[in-house]
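Each remark here refers to the structure printed beneath this line.
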Amino acid sequence: MKEFKKYFKLKASPADVYNALVNPVMLEIWTGEPAVMSTEPGSQFSIWDGAISGENVEFEQDKKIVQKWYFGEDEDSVVTIKLHPDKHGTSMEVHQTNIPDEAFDNMKSGWEEDYYGSLAELFT
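Take the sequence shown: its letter number 97 is residue 97 in our numbering, and every next letter is one higher.
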């Protein structure tokens, strides 16, 4: 099992980035796919029409999101997203643990190209 940690810069306030990550309508806008999301701890979520699904664990308004991402038979992967104010907008800290070795390269490019890439495009 591997882990991924990276900081991404976004040209938007932490409140706007947080809203884009937890509001199902906003999620559908920047992913282009159906999304199910709630800020209720213990609720299930699904983004990219089910390509990523799991359980919402913890929310701190405009600051932090913790989720468990499901990988079939493997142990759940824990994703923590922290939003830090930055002079040009927001620094989004992404930390994901328990990534199956065979899924790591795909997960890394997914964060950099799909997840961050789509968010950055939303806020340009």
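Note that CB positions come from ideal geometry on N, CA and C, so glycine has one too.
Can you say whether S77 is buried or exposed, counting buried as having 16 or more other CB atoms within 10 angstroms of its CB? Buried.
Would you be able to state if there are at least three C-beta pairs under 8 Å between the stretch 60-79 and the stretch 23-38? No: fewer than three Cβ pairs fall under 8 Å.
Quick one, which of F123, M1, K9 has its alpha-carbon nearest K82's? Of F123, M1, K9, the residue nearest in Cα terms is K9.
If you draw a straight line from the C-alpha of G54 to the C-alpha of H88, how long is it? Taking the straight line from one Cα to the other gives about 32 Å.
Short of 6 Å in beta carbon distance, which residues of its chain neighbour V66, apart from the five on each side in sequence? Order them along the chain. For V66, the CB contacts under 6 Å within the same chain, skipping 5 residues up- and downstream, are V57, E58, T80 in chain order.
If distances are taken between C-alpha atoms only, which option among P100, D101, E93, N98 comes closest to E112? Here the closest residue by C-alpha is E93.
Contact check, N106 vs M1, beta carbons under 8 Å: Taking the C-beta atoms as reference points, M1 is found no nearer than 8 Å to N106.
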